[in-house]
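Notes follow the structure.
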Amino acid sequence: MAILRLIFNIAWFVLGGFVMGLAWWLAGLLCYISIIGIPFGRACFVIGEMTFWPFGQDHMNRRNLTGNEDIGTGAFGTIGNIVWFLLFGIWLAIGHLTHAVACFVTIIGIPFGIQHLKLAILSLTPIGQTVVARA
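Quick note on numbering: the sequence shown equals residues 1 to 135 in full-length UniProt numbering.
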């Protein structure tokens, strides 16, 4: 199973994952310009790394993972997600949706399109989410 995951990740990286990972990292760099954007930027780099190699990884709400509420899973997280959506989220989601449509054209691209859809959903509201390894 690990070899299949590696093959899928390499194919993903070559066929669009690299471009979208760079888009996440660019958003992260732009977030680091302001002091209040640093937490957003950190999240962009973590999700960007997941975007480079998504097979074998998933995202989930930190509150569900830890059982505790933190600043990103409460009211400030909701406000942060609204700001994120308006500044970067919609554009990253459009990029992932465009890649998903291109992947769904072929039968072989369906698993890649599904990953792009998962990342498009994540790109809309990333605050309060964390990346976890899937067994």
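Using N, Cα and C, we set each Cβ at its ideal position, and we do this for glycine too.
Following the DSSP letters along the chain, one finds Val132 inside the beta strand (DSSP E) bounded by residues 129 to 133. For Asn61, the uninterrupted beta strand (DSSP E) segment begins and ends at 57 to 61. Between the stretch 15 to 27 and the stretch 60 to 68, the count of Cβ pairs shorter than 8 angstroms is below three; the stretches do not touch. For Gly74, the number of other beta carbons within 10 angstroms of its own is below 16, and it is reported as exposed. Going by C-alpha positions, Ala100 is about 22 angstroms away from Leu87. Going by DSSP, Leu26 is part of the alpha helix (DSSP H) stretching over 18 to 31. By the 16-neighbour rule on beta-carbons within 10 angstroms, Leu119 is buried. For Thr78, the three-state secondary structure derived from DSSP is helix. The Cβ atoms of Ala43 and Ile127 sit closer than 8 angstroms to each other. Around Gly89, the same chain offers Asn81, Ser123, Leu124, Thr125, Pro126 as residues with beta carbons nearer than 8 angstroms, after the five sequence neighbours per side are excluded.
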